[in-house]
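Undergrad: In the working numbering, each number is its position in the sequence shown, counted from 1, plus 1.
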Amino acid sequence: MIQVLYWAWYVIGATLMLTIGVPDILSFSNGLFLVFYALCVLDLIYQGRKRTGLSDQSVIWKEPGLWAASAILWLGGMGVEWVGVHTKWPFGEYGYSDFFGIHLFSVPVTLGFAWIAVVGNSALLSGGGSGWPGKLVRAVKTGFWAIVLDLVLDPVAHARGFWHWEAPGGFYGVPWTNYISWFIMGAFLSLFLPAMPADGHSLLRAKWVYQLFILLFGLLALKEDITGSFIIALVGALLAEGSWLSDSRRKIKTV
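(1) Are the beta-carbon atoms of Arg-250 and Leu-221 separated by less than 8 Å?
(2) On the premise that Leu-112 lies in contact with Ser-101, defined as a C-beta separation below 8 Å, what is that separation, rounded to the nearest angstrom?
(3) If you count every other CB in all the chains shown that lies within 10 Å of the CB of Gly-63, and 16 or more means buried, which is it?
(4) State the Cα-Cα distance for the pair Glu-225 and Phe-172, rounded to the nearest angstrom.
(5) Tell me which same chain residues have a C-beta within less than 7 Å of the C-beta of Thr-53, skipping the five on either side of it?
(6) Cutting at 8 Å between CB atoms, please list the residues of its own chain near His-159, excluding the five before and the five after it.
(7) Does the contact criterion of 3 or more C-beta pairs under 8 Å hold for the stretch 145-155 versus the stretch 40-49?
(8) Quick one: what's Gly-96 bridged to in DSSP?
(9) Over what stretch of residues does the alpha helix (DSSP H) that includes Ile-21 continue unbroken?
(10) Out of Gly-237, Phe-114, Val-42, Ala-140, which has the shortest C-alpha to C-alpha gap to Met-2?
(11) Check whether the Cβ atoms of Gln-212 and Ala-168 lie closer than 8 Å to each other.
(12) Roughly how many whole angstroms lie between the Cα atoms of Trp-146 and Lys-51?
(13) Can you name the residues that DSSP bridges to His-104?
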């Protein structure tokens, strides 16, 4: 059900953002999109873990490890955003508009879900993580996929006023320290996630979610004349495709 809800929200939201824009009466949908993205990714992780025998729980809310990891990611994401907004470190000097809904200490509460979504989606693409060596490799890969996504997302968000950066420079007005911090935080937070499912079904759907998300913001970047981010979106989508084609998990089938 959550998959259907997410994709319906995605199609409607993408159509509006790429054409007439999101009407004020539907402004609440911006933050909800991040929540649905996070729930979609968590559902993909749960369904994959269940399908591959990593979980024997019949319903997602009985997966305490996954929910505990989600809580840590939400708190960690909100925590680092709070530090960033109030101290200018580690991302740089910035502030949030009301685009994503209710704020908690100057940070939209939906941003915690964005961290769950991006880190979880990137970890699904990366795979592994059953032991510390695997988790460390997964962390580096997760940080890579997160920074590629952020190189597209942040310039668009800045140009559209989702949040604003005080100091010019960096990549389309977003300081380089922000991207480095996304890599570090994405890698670090991924360490709290359980082992990712090792099957072609989970990998394929994780790839689709990542590709369509980055391509949406790539098209928005093109609308804003942010050519560099548009090119990165295309490259990121192709890299995700190449990663999928070369991944041994692609050939692993489950019932």
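Here a beta-carbon is modelled for each residue, glycine too, at the ideal position from N, C-alpha and C.
Just so it is clear, the structure is predicted and the values come from calculations on it, not from any experiment.
TA: According to the data block:
(1) Taking 8 Å as the Cβ cut-off, Arg-250 and Leu-221 do not qualify as a contacting pair.
(2) According to the sequence as given, residue 101 is Phe; it is not Ser. Confirmed, Cβ separation roughly 7 Å.
(3) First, the amino acid is wrong: residue 63 is Lys here, not Gly. Around the Cβ of Lys-63, a 10 Å sphere holds fewer than 16 other Cβ atoms; the residue is exposed.
(4) Going by C-alpha positions, Glu-225 is about 14 Å away from Phe-172.
(5) Apart from sequence neighbours up to five positions away, the residues of its chain that approach Thr-53 with a beta-carbon distance below 7 Å are Pro-198, Ala-199, Asp-200, Thr-255, ordered along the chain.
(6) Excluding sequence neighbours, His-159 sits near His-165, Trp-166, Tyr-173, Gly-174, Val-175.
(7) Contact between the stretch 145-155 and the stretch 40-49 is not established, with fewer than three Cβ pairs separated by less than 8 Å.
(8) Beta-bridge pairing links Gly-96 to His-165.
(9) Counting along the chain, Ile-21 sits inside no alpha helix (DSSP H), nor does DSSP assign it H or E at all.
(10) That would be Val-42, whose Cα lies nearest to the Cα of Met-2.
(11) Not in contact: Gln-212 and Ala-168 (Cβ atoms no closer than 8 Å).
(12) A straight-line Cα-Cα distance of about 24 Å links Trp-146 and Lys-51.
(13) DSSP lists Pro-109 as the beta-bridge partner residues of His-104.
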